[in-house]
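Colleague:
Chains as they are written, first to last, in our numbering: chain A, 396 to 622; chain B, 322 to 396.
(1) With H, G and I counted as helix, E and B as strand and the rest as coil, what does DSSP make of residue 528(A)?
(2) Going along chain A in order, which residues have a C-beta closer than 7 Å to the C-beta of residue 352(B)?
(3) Which one of 592(A), 567(A) and 424(A) has the shortest CA to CA distance from residue 445(A)?
(4) Just the C-alpha distance for residue 603(A) and residue 504(A), rounded to the nearest angstrom, thanks.
(5) Using 7 Å as the threshold, is the C-beta distance between residue 344(B) and residue 371(B) below it?
(6) Can you give me the C-alpha to C-alpha distance between residue 587(A) and residue 483(A), rounded to a whole angstrom?
(7) 7 Å is my cut-off, CB to CB: does residue 361(B) come that close to chain A?
(8) Does the Cβ of residue 362(B) have 16 or more other Cβ atoms within 10 Å, making it buried, or fewer, making it exposed?
(9) Here's the rule: buried if 16 or more other CB atoms are within 10 angstroms of the residue's CB, otherwise exposed. What is residue 580(A)?
(10) Could you name the residues of chain A that residue 382(B) contacts, counting a contact when the two beta carbons are closer than 9 Å?
(11) Can you name the start and end residues of the alpha helix (DSSP H) that residue 379(B) belongs to?
(12) Indicate whether at least one CB of chain A lies closer than 7 Å to the CB of residue 392(B).
(13) Quick one: complete alpha helix (DSSP H) runs, 4+ long, within the segment 432-468 of chain A?
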């Protein structure tokens, strides 16, 4: 039986000890952001410009999925994401290990902020479907004529595993994320949780489902194990 | 219920088979992972479990795709 283990990445000891020499640009960023007075203020302004670009980049990628938002609303989201990302970068400056370029490291904070804000905006005013509604739709959904018998049998076994093998919380989280497609940040917000904590719940639910199927000898198609 | 590919639903319900890291580790290592990918190096070997997490977590996968695209554009 294959097991799924949520684990920490094995530390790359060699890379950690090898304290990489920073590239010139990254060294300049760190020096300027750790300076005092005007030099630091100017560096923070440049950082904001960099992160605003990243936030706009993310918004441009997702704009097609949010046709109801006006340009000025999207620009407000970008500005807010850049502001929040600057705060995050400055707070976590000591976490930068030089294992990537500083700009790549900093970009991810702006991309995260923009993506989370867009997901939340897309679900603003929308109710998360009630678990019973989702379950009833999922439980009664029949495979289409083109679906193979193997897939139909697996769907039936998974439905049984969800009904009998999971806790109420695991069932709620799994159905909302995997069946209703609720973004994990939105669900975390509504449940007063975090992305990391909800993903742990999702992971545990998936592991229990896989174990449930394995105990009953249900074969998983090769297609399921391929990325 | 909107008609979705049952296989897509099953993938989402069962997640990746391989061991995976969590969202926090994924975020902490994402910049390094992306630069290894852009350099044509074996990012999965350097950071085991991160690729499996991207397979299982749509939100982290979206952010990975964006960072990869942005870093490629600015490198």
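Positions of the beta carbon are idealized from the N, C-alpha and C atoms, including for glycine.
Modeller: In brief:
(1) Counting from one through the first chain, the residue named residue 528(A) turns up at place 133. The answer is helix: DSSP assigns residue 528(A) an H, G or I state.
(2) Within the second chain, the letter at position 31 stands for residue 352(B). What residue 352(B) touches in chain A: 495, 499, 500 and 503.
(3) Taking the first residue of the first chain as position 1, residue 445(A) is located at position 50. Among 592(A), 567(A) and 424(A), the Cα nearest to that of residue 445(A) belongs to 424(A).
(4) For this step, residue 603(A) is matched to residue 208 along the first chain. For this step, residue 504(A) is matched to residue 109 along the first chain. One C-alpha to the other measures close to 33 Å.
(5) As a first step, residue 344(B) is located in the second chain; it is residue number 23 there, counting from the start. As a first step, residue 371(B) is located in the second chain; it is residue number 50 there, counting from the start. No, Cβ-Cβ distance for residue 344(B) and residue 371(B) is not below 7 Å.
(6) Counted from its first residue, the first chain places residue 587(A) at position 192. Counted from its first residue, the first chain places residue 483(A) at position 88. Roughly 21 Å between the two C-alpha positions.
(7) Within the second chain, numbered from 1, the residue matching residue 361(B) stands at position 40. False, the Cβ-Cβ gap to chain A never drops below 7 Å.
(8) Numbered from 1 along the second chain, position 41 holds the residue referred to as residue 362(B). Residue environment analysis places residue 362(B) among the exposed positions, since fewer than 16 neighbouring C-beta atoms fall within 10 angstroms of its C-beta.
(9) Locating residue 580(A) in the first chain gives position 185, where the first residue counts as 1. When all chains shown are included, residue 580(A) counts as buried.
(10) The residue you call residue 382(B) lines up with position 61 of the second chain. None at all; the shortest Cβ gap to chain A is about 11 Å.
(11) Taking the first residue of the second chain as position 1, residue 379(B) is located at position 58. 379-395 is the extent of the alpha helix (DSSP H) around residue 379(B).
(12) Within the second chain, residue 392(B) is the residue found at index 71, counting from 1. Taking Cβ atoms only, chain A reaches closer than 7 Å to residue 392(B), which makes this a yes.
(13) 433-457
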